[in-house]
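J.: Mind looking over this structure? Questions follow.
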Amino acid sequence: MKYIDLHCDTLTELKEGETLVRNHKNVDLKSLKKGGCVIQCASIFIPTGTYTGVDRKEAIQTEYDRVVSVYKRELNANPKELYRVLTRRDIPDIRQNDKMQDLGTGILLTIEDGGVMGGEMQKLYRAYEDGVRLVTLTWNHENEIGYPNSTDRDIMQKGLKPFGFEVLEEMNRLGMVIDVSHLSDGGFLNVAEFAKKTGMPFVASHSNARAITAHPRNLPDMYIRKLSEAGGVMGLNFASHFLSDTQPPDGESRICDMVTHILHIRKIAGSEVLAIGSDFDGVESRMEIDSPAKMVMLYETLHQTGLSEDELEKIFYKNAQRVLTAVLR
Ligand SMILES: [Zn+2]
């Protein structure tokens, strides 16, 4: 079994003295290898809306630089286990001739919260130079690009701001993946419209189905169909509050709830739209699958539920591969 994971926060969450070899997090080198992780998207997670004060811009920049240096440090320290995913040629299976070579896990660097740019396009170009290939446009606060998911209907219906539309154009030009997880419904519709125009897919890197769990972070069926029509994917998020309304007392993230979401999404939009977006090291609840090494538990449960190996290969790997190959240059 192999898989692509569209979202984790591990690089950001590594504390002083911790590395991808040794840490107390969900993700480390050994578990990535054991679980068969071919590509791990890893975020520079900076919730820019929580930064206040006169020096917020500098503080955001300092945190950005810190996580980029963690990325560079880990990639340089583990050349056999990790490699950078920068172009479509870095996506396995495209390298057909290298089939016997163990490439290790490709790390695709992402930004979670496009507010990191602070409304300056130069910072998108800088991020591209640093290796970033996917940007989650917002987190849970308004930024220069647009508005977040919200229980407030007015906010939820707001679309992208002018800078947000410029960011879409530039990301499309550079070959970067546009991510609508955390975004308002209005913003989602703008991105879907844009994707129709360009013919390029987009993603919801770590979002589930709102029809199953009524959380604004999850996507309504109509939006999932739009995502599917654009050739995009949504990564199944393992956080318990996006998986279940009726939480067990300890709020555990459970495989049975993941299966419910997957079966629903498959029923309403087909299995081509499904992917994995674990949110490892961004989830605070207890997790049945708390490590890449345990990803096989989800695979086996879905197999027992009746999904074919072909379909599972799509969900775990091929759908995400299709999107990354289409977008990256
Ligand atoms: Zn997130």
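Going by UniProt numbering, the sequence shown opens with residue 1, and the numbers climb by one from there.
Cβ atoms here follow ideal geometry from the backbone N, Cα and C, with glycine treated the same way.
These numbers come from a predicted model, not from an experiment.
1) Would you call the segment 7 to 22 and the segment 268 to 288 in contact, with 3 or more CB pairs under 8 Å?
2) Spatial neighbours of ASP28 within its chain, please: CB distance less than 6 Å, with the 5 preceding and 5 following residues excluded, ordered by chain position.
3) Out of ARG89, VAL191, ASN172 and PRO148, state which residue places its alpha-carbon closest to the alpha-carbon of HIS215.
4) Pull up the CB-CB distance for ARG133 and LEU86, whole angstroms please, since I reckon it's below 8 Å.
5) Assign GLN42 to one of three DSSP states: helix, strand, or coil.
6) Exposed or buried, what is GLU81 when buried is set at 16 or more other beta-carbons lying within 10 Å of its beta-carbon?
7) Please state whether DSSP places THR62 in a helix, a strand or coil.
8) How about VAL327 and VAL273: are their beta carbons less than 9 Å apart?
9) Can you tell me whether SER291 is helix, strand or coil according to DSSP?
10) Could you please give the first and the last residue of the uninterrupted alpha helix (DSSP H) stretch that includes ILE155?
11) For PHE202, tell me which candidate among ASN78, ARG84 and LYS226 has the shortest Cα-Cα distance.
12) Would you decide whether GLU16 is buried or exposed? Buried here means 16 or more other CB atoms lie within 10 Å of its CB.
13) Should THR105 be counted as a contact of ligand 1 given a C-beta to heavy atom distance under 8 Å?
14) On the three-pair Cβ rule with 8 Å, is the segment 155 to 168 touching the segment 187 to 203?
15) Going by Cα to Cα distance, which pick from ASN208, LYS34 and GLY115 is closest to THR48?
16) Measuring only from the beta carbon, is SER181 closer than 8 Å to any heavy atom that is part of ligand 1?
17) Exposed or buried, what is SER308 when buried is set at 16 or more other beta-carbons lying within 10 Å of its beta-carbon?
18) Which class does MET297 belong to by DSSP, given the choice of helix, strand or coil?
19) For GLY131 and LYS57, which I take to be in contact (beta-carbon distance under 8 Å), what is that distance rounded to the nearest angstrom?
T.: Here's the rundown:
1) yes
2) LEU20
3) PRO148
4) 7 Å between Cβ atoms; contact.
5) What sits at residue 42 in the sequence shown is Ala, not Gln. Note: ALA42 maps to strand in three-state DSSP.
6) buried
7) helix
8) no
9) coil
10) 153 to 157
11) LYS226
12) exposed
13) no
14) Contact holds: three or more Cβ-Cβ distances are below 8 Å.
15) When the alpha-carbon of THR48 is set against those of ASN208, LYS34 and GLY115, the nearest one is in GLY115.
16) At a threshold of 8 Å, SER181 counts as near ligand 1, since its beta carbon sits closer than that to one of the ligand's heavy atoms.
17) exposed
18) Three-state DSSP puts MET297 in a helix.
19) 22 Å between Cβ atoms; not a contact.
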